[in-house]
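See below for the structure under consideration.
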Amino acid sequence: MQQTLASKRILLGISGGIAAYKSADLVRRLKERGADVRVILTDAAQQFITPLTLQAVSGNPVSHSLLDPAAEAAMGHIELAKWADFILIAPASADVIARLAHGLANDLLTTCVLASAAPMAVAPAMNQQMYKNIATQKNIATLKEHNFHIFGPGSGAQACGDVGAGRMLEPLELTALTEQLFAPVKKLQGLRFTITAGPTREAIDPVRYISNHSSGKMGFALAEAAVKAGAQVTLISGPVQLATPAGVARIEVLSAEQMLEAALAAAVNSDVFIGCAAVADYRVAEIATDKLKKGNDNELQLKLIKNPDIIASVAALTQQRPFTVGFAAETRNVLDYARQKLLNKRLDMICANDVSGSQIGFNSEQNAVSVIWRGGELDLPVQPKQQLAEQLIALISQHYKT
Ligand code: CTP
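So the sequence shown is residues 6 to 407, counted in the numbering used here.
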């Protein structure tokens with residue numbers, strides 16, 4: 006077994022839910038990979054699994070009470086919070102998610118969470134209706150804002166007989182997601198990346214065009230992160246005001262058709278293709294050769310025709326097809342639309358991007374994405390685009406040709 010979590014100190018919080026019976030297996034899986042695991046049980050969790058079981062599998066004393074003088078003397082709650090490199094709460098009940106979202110510190114687990122600066126994740130586990138409930142959804146959204154990773158939930162048949170989303174992910178899936186958070190960027194030496202970035206510009210006449218608000222920052226950040234990890238990077242960029250990152254070969258284009266031509270030429274010599282550009286979906290059917298003059302009419306009709314889908318064309322290559330990663334910029338039904346795009350465009354991975362607000366996405370310094378691939382999903386919380394790019398490149402390097 007590869008020691009992917011060697012010497013990582015993981016604090017596992019277990020809250021009350023039937024899925025708690027899987028927590029002993031989760032502890033074993035984490036330990037197999039080299040992690041040192043300590044467990045905190047909530048009061049409700051003890052109805053489902055005993056401290057003794059968890060002490061036996063973790064090899065460490067199990068904590069459950071904030072007011073236990075003996076436990077506090079051994080390793081106090083602040084010490085425990087500082088000890089952790091990572092806090093995973095699995096299963097995370099609707100109740101514990103609500104308490105965490107509101108910053109409560111009314112038991113040992115929530116107190117440790119508040120007192121820790123470590124990265125954290127929750128693995129929701131509850132009845133599908135409780136999961137769908139607007140209050141739970143709002144609490145999960147709050148946790149995402151507070152930089153929690155949300156692992157799952159999975160969907161399917163539930164212990165109560167219902168069917169739907171709300172099942173805790175399996176211990177092996179939770180372990181894999183934890184490994185991903187700690188995974189060092191695989192050396193990308195020798196790998197060739199092609200990345201598209203920025204908007205395209207579709208001419209109307211010699212002085213006017215149709216375009217969008219894409220700044221190109223995310224694509225440029227990805228190019229920089231890939232180069233830093235050792236890759237050879239070609240960046241095909243629409244018109245943006247950004248300096249070329251050191252070591253990156255930049256090809257400048259204006260229109261979607263130019264971007265397609267450059268992308269196909271580069272893609273066949275690439276191992277990974279990332280379509281980060283905000284390609285204009287339509288272009289003007291006939292570009293006027295001279296500047297259009299204002300007529301007497303109050304209306305002007307432009308006929309638009311559909312642009313080629315660049316990333317779908319790359320993903321459709323039958324020979325020398327690179328591992329193809331897309332973005333989905335959405336303002337609603339973000340995950341559903343992204344999953345559809347993953348399938349329709351035959352991508353290997355897609356980064357779902359909520360561009361409804363101004364805090365993240367288009368033209369801002371920060372971004373957050375939900376990454377979806379055929380075997381799983383991972384939420385990367387709001388953070389500077391550069392940092393997010395490094396995590397995305399690490400994730401791509403893990404899934405590339407696996
Ligand atoms: N894309 C592309 N060529 C296009 C349109 C989009 O390569 N003509 C790529 C983008 O770079 C991105 C992905 O497809 O990786 C999804 O882009 P998005 O704008 O979210 O979706 P569209 O396919 O344009 O669909 P819609 O505008 O209807 O949401």
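Where is the CB? At the ideal position from N, CA and C, for every residue including glycine.
The structure displayed is predicted, hence computed values, not measured ones.
Contact belief for residue i with residue j at Cβ below 8 Å, rounded distance in angstroms
i	j	result
GLU262	PRO313	7 Å
THR9	ARG43	About 19 Å; that fails the 8 Å criterion.
ARG255	LEU269	ARG255 to LEU269, Cβ: 17 Å. No contact.
ALA76	SER70	7 Å
GLY243	LEU259	7 Å
PHE198	ALA236	5 Å
ASN144	GLN163	Contact flag wrong, Cβ pair sits at about 20 Å.
ALA126	HIS82	Between HIS82 and ALA126 the Cβ distance is about 20 Å, and since that is not below 8 Å, they are no contact.
VAL277	PRO327	5 Å
ALA394	ARG351	Between ARG351 and ALA394 the Cβ distance is about 24 Å, and since that is not below 8 Å, they are no contact.
Distance CB(residue i)-CB(residue j) smaller than 8 Å
i	j	result
PRO176	PRO158	no
LEU307	ILE398	no
ALA40	ILE15	yes
GLY381	GLU178	yes
CYS356	VAL339	no
ALA202	GLY224	yes
ALA89	ALA123	yes
PHE53	GLY18	no
ILE92	SER63	no
ALA373	VAL387	yes
ILE102	LEU148	yes
LEU59	SER98	no
TYR169	SER160	Rather than Tyr, the amino acid found at residue 169 in this sequence is Gly. Yes, they are a contact pair.
CYS117	LEU72	no
ALA271	SER219	no
ILE292	VAL330	no
ASP295	PRO211	yes
C-beta neighbour in chain D for residue i, strict 8 Å
i	result
GLU262	Within the model displayed, chain D is absent; a lone protein chain is all it includes.
Checklist entry - Under a criterion of Cβ closer than 7 Å to any non-hydrogen atom of the ligand CTP, which residues qualify, in chain order? => result Around the ligand CTP, the residues selected by a Cβ distance under 7 Å to any of its heavy atoms are THR201, ALA261, GLY280, CYS281, ALA282, ALA283, VAL284, ASP286, ASN312, PRO313, ASP314, ILE315, ILE316, ALA317, GLY331, PHE332, ALA333, ALA334, GLU335, TYR342, LYS346, LYS350, following chain order.
Item to check | Runs of alpha helix (DSSP H) wholly within the segment 65 to 119 (minimum 4 residues, chain order) | outcome: Within the segment 65 to 119, the complete alpha helix (DSSP H) runs of at least 4 residues are 74 to 79, 82 to 88, 99 to 106, 113 to 119.
Item to check | beta strand (DSSP E) segments (min. 3 residues) lying fully within the segment 222 to 306 | outcome: The qualifying runs are 237 to 242, 254 to 257, 277 to 280, 287 to 289.
Checklist entry - Where in the segment 117 to 185 do unbroken runs of the beta strand (DSSP E), each at least 3 residues long, occur, reported from the N-terminal end onward? => result For the segment 117 to 185, whole beta strand (DSSP E) runs of length 3 or above, ordered along the chain, are 125 to 129, 159 to 162, 168 to 172.
Next on the checklist: Please give the ranges of any alpha helix (DSSP H) in the segment 12 to 61, keeping only runs that are unbroken, at least 4 residues long and fully inside the region.
Outcome noted: Counting only runs that start and end inside the segment 12 to 61, the alpha helix (DSSP H) elements of at least 4 residues fall at 28 to 37.
Item to check | Minimum length 3: unbroken beta strand (DSSP E) runs contained in the segment 316 to 344 | outcome: Here the runs fully enclosed are 328 to 335.
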